[in-house]
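Count along the sequence shown from 1, add 1024, and you get the number used in this note's numbering. All C-beta atoms in this analysis are idealised placements derived from N, C-alpha and C, irrespective of residue type, glycine included. See structure below.
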Amino acid sequence: MPDPAQLYEQLAKAFDQRVWPEVRERAVRLLPLAPRHPGVYYMLGVANMESGQAAAAVEALRRATLLEPQRVGFIVQYAKALMAVRRNRDAKEAADRAMARSPTDPATLDMLGVIFTHVGDFASAVPAFRQA
């Protein structure tokens, strides 16, 4: 049986190096051992997005946000995935949830501005871009 701590370390290293196929493989191996770990779902979701598998990313990121609903970065990536599969209403709702948590990271705010612009909510996009 693989050691979950070692698998997680390998997963995080592959994520940091942006080796998306390895991230996906390690996350899939780790999830049965840590089925309630939001970080594993998050990394799997990002790897799926970066690999052009937006629908799979939506599900993984949805689970990450359910397990850790206060994590703004998770919510923003979820909104981005929803936007990629043209679920604009859901993407806007997720972006609104992220903005309600008062993010301060410029890249996060910029992505929220992009999401709001994409879904046609320019009134929300402007403050996000200004705060970035």
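- Distance from the CA atom of Glu1074 to the CA atom of Leu1133, rounded to whole angstroms, is 20 Å.
- Our two residues, Ala1071 and Lys1037, have alpha carbons roughly 13 Å apart in a direct line.
- Contact between Leu1054 and Val1064 is confirmed by a C-beta separation of about 5 Å, below the 8 Å threshold.
- Taking 7 Å as the cut-off, the beta carbon of Ala1088 is found no closer than this to the beta carbon of Ala1103.
- DSSP, read as helix, strand or coil, puts Asp1027 in coil.
- For Gly1076, the closest of Leu1136, Ser1148, Val1109 and Arg1113 by C-alpha to C-alpha distance is Val1109.
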